[in-house]
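One structure is given below, encoded as structure tokens.
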Amino acid sequence: MSRILLSRLESQRRYKEALRTNVDGSRVVESLPESWLSDRGLTRSDVRDRLEKMFGCAETVEYRQCDPNPEGEIVIDVLRASWCKLPAVCPVCSSRLQARRRGIYKDPIREAVARHRYRYMVTFTVKDGPDLGERLDHLRASFRSWYRMGQRRKDGKRSGGEAAKCAGMLCGVELKKTDAGLWHVHIHALVFSDERLNYQVYDRERLRHLRRVRGRDLTAEELRGCVSAWGVVNGVTVPISKVTSEWLAASGDSVNVDCRPLRGGWLDVQNSALEVLKYSSKLASARADLVPGKMVGRDLLDLVVSTYGRRLFMALRSFRSLARLNEFDAPGESDDTLAWDHSASEYRSFRAPLRFGMRVDTLSESGKLVGVWRRERRALLDRRSQVADLPAVLDSLKVHYRDRIAALWRSSRLAAFVDRHAGGTVADIENRRIAAMPVQESLFPA
Ligand SMILES: [Zn+2]
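If you want our numbering, it's the 1-based position in the sequence shown plus 60.
Have a look at this one:
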């Protein structure tokens, strides 16, 4: 269930319109050189397409009617919509994702609280930097190498890293721009474990033993003997915890790992989990960024470009199987479809399913075309240094496949219309303005 107030959805849509005006005004995409290509192979026109998709997010919404709230306002249960799937910059998608994930992980979190004795909120941070994509890659590579320190070995046992103790983990990446103009990235991880994580500077067992033997007043030398690990931070050797020493080894540049035990029952843990499941950047959460005159263009561009092809959420170990669930769309029959009316700045209702004309065979055929296009694109990017004028080649490839897919859908929708209104001619049907049907026009991923 992902219920939402219709008025809230409408205000999110209006925000999008304001954002479009703001970004268009900043001319941030136009100011990129024509030959520009991102590290992951996005051309200038790809960026423009992605922004357009983001501005047009949830222009069509398939829903089920719910009872009004106590104030008498309309509440709907959104099943599917024309999502842009850019939750790092889109408030609509980020709140959708948050609500869906809360639903998906609610019971598993409850079970994990009952099953495992310890739970923690662990935050892994790397140093700030100017290049968001590079920082995200570094954070992910560091996390992966930390995680591997607890990997299962050939003999079936796990390596000695603290990650071995993690029975289940939910991890969300958060990104923000610092006042110094650098990108700050970190991972919030909700960890369930049957063993205590070794996150304190002093080894618990050794310290406890020593206190039993020597009493409470220990000498500095004795305390030094209880230190979990030592690490060099800014050229100085300092005592650190085992988790920190592992994070330092994994990241190479940071000792910044914070481990907070979570107390309370499953409701408390679920509240803490919001930190992991929530939006990944402030741009997707607050409208405060959109003060008149203040352009959000550059940060928005950085986020759109750098989050492309990079995962910002991971479900690991016991939560792993849940990662495959559809995080945007919910199954079930809808009552109705809403389509955004640009002139009135509100939704209009259609008595037709959003997926009208989306036949299974067409869906799989267009899926195959997208697959071919992706492979060809990948092959070009793999030899990017040898291809002359690569951005233009990539763009014409995109146009070619987009046209083919659009043609496929046009004929499919037409056929569906003929099926439904048996007896009518194709010309009749075209007169009924098929174009006005609220069918997702762009099924083509940018
Ligand atoms: Zn969106």
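All C-beta atoms in this analysis are idealised placements derived from N, C-alpha and C, irrespective of residue type, glycine included. Values in this document were obtained by computation on a predicted structure and should not be read as measured data.
Collapsing the DSSP output to three states places Trp400 in a strand.
Ranked by Cα distance from Leu230, the options Met181, Glu112, Val152 are led by Met181.
The beta-carbon separation of Thr304 and Val315, rounded to 5 Å, stays under the 8 Å limit for a contact. A straight line joining the alpha-carbon of Leu382 with that of Asp127 spans about 30 Å. When beta bridges are read from the DSSP output, Gly232 appears opposite His248, Phe373.
The beta carbon of His244 lies closer than 6 Å to those of Asp188, Lys236, Thr238 in the same chain, with the five residues before and after it left out. Taking 8 Å as the upper bound for CB-CB distance, Cys319 and Tyr407 are not in contact here, some 45 Å apart. Where Trp290 is concerned, there is no enclosing alpha helix (DSSP H), although the beta strand (DSSP E) around it starts and stops at 289-293. If only uninterrupted beta strand (DSSP E) runs of at least 3 residues are considered, those enclosed by the stretch 251-336 are 289-293, 296-300, 317-321. The residue from Ser445, Ser424, Lys145 with its alpha-carbon nearest to that of Ser472 is Ser424. For Glu119 against Leu139, the beta-carbon gap comes to about 16 Å, at or over 8 Å, which does not count as contact. Membership of Phe410 in the beta strand (DSSP E) is indicated by the continuous run 406-410.
Judged by DSSP secondary structure, Asp421 falls within the alpha helix (DSSP H) whose first and last residues are 420-442. Relative to the Cα of Cys153, the nearest Cα in the group Ser311, Ser105, Trp143 belongs to Trp143.
Where Arg179 is concerned, there is no enclosing alpha helix (DSSP H), although the beta strand (DSSP E) around it starts and stops at 178-185. Taking each of Leu97, Arg110, Leu146, Lys214 in turn and checking the Cα distance to Glu387, the smallest one comes out for Leu146. Under the 8 Å Cβ criterion, the stretch 434-453 counts as touching the stretch 98-113, having at least three qualifying pairs.
Put simply, the backbone Cα of Trp96 is about 20 Å away from that of Arg434.
For Leu146, the shortest separation between its Cβ and any heavy atom of ligand 1 lies below 7 Å. Glu77 has no beta-bridge partner at all, per DSSP.
For Val152, the Cβ falls inside the 7 Å cut-off from some heavy atom of ligand 1. DSSP places Tyr123 inside the beta strand (DSSP E), whose first and last residues are 120-125. From the listed residues Gln72, Val89, Asp84, Asp109, the smallest Cα separation to Lys458 is found for Asp109. Val287 and Glu265 have their C-alpha atoms roughly 11 Å apart.
Per DSSP, the unbroken beta strand (DSSP E) holding Arg63 starts and ends at 63-65. Rounded to the nearest whole angstrom, the CA to CA distance from Phe203 to Phe184 is 8 Å. Judged by DSSP in its simplified three-state form, Val83 adopts helix. The count of Cβ pairs closer than 8 Å, one atom from the stretch 153-170 and one from the stretch 332-339, reaches three, so the stretches are in contact.
Pairing Val329 with Ile169 gives a Cβ-Cβ distance under 8 Å.
Close CB contacts of Ser301 within its chain, under the 7 Å cut and outside five residues either way in sequence, are with Asn258, Tyr259, Gln260, Val261, Ser288, Ala289 (chain order). Secondary structure at Gly163: helix, using DSSP grouped into helix, strand and coil. In this structure, the CA atom of Leu192 is about 48 Å from the CA atom of Asp277.
Selection Asn294, Leu270, Ala240, Gly228 evaluated against Asp254 yields Gly228 as nearest (Cα-Cα). Per DSSP, the continuous beta strand (DSSP E) segment holding Arg140 begins and ends at 135-141. When the beta-carbon positions are compared, Val186 and Ser311 come within less than 8 Å of each other.
Distance from Ala148 to Ser405 at the Cβ level is roughly 25 Å; contact not present, criterion being Cβ atoms closer than 8 Å.
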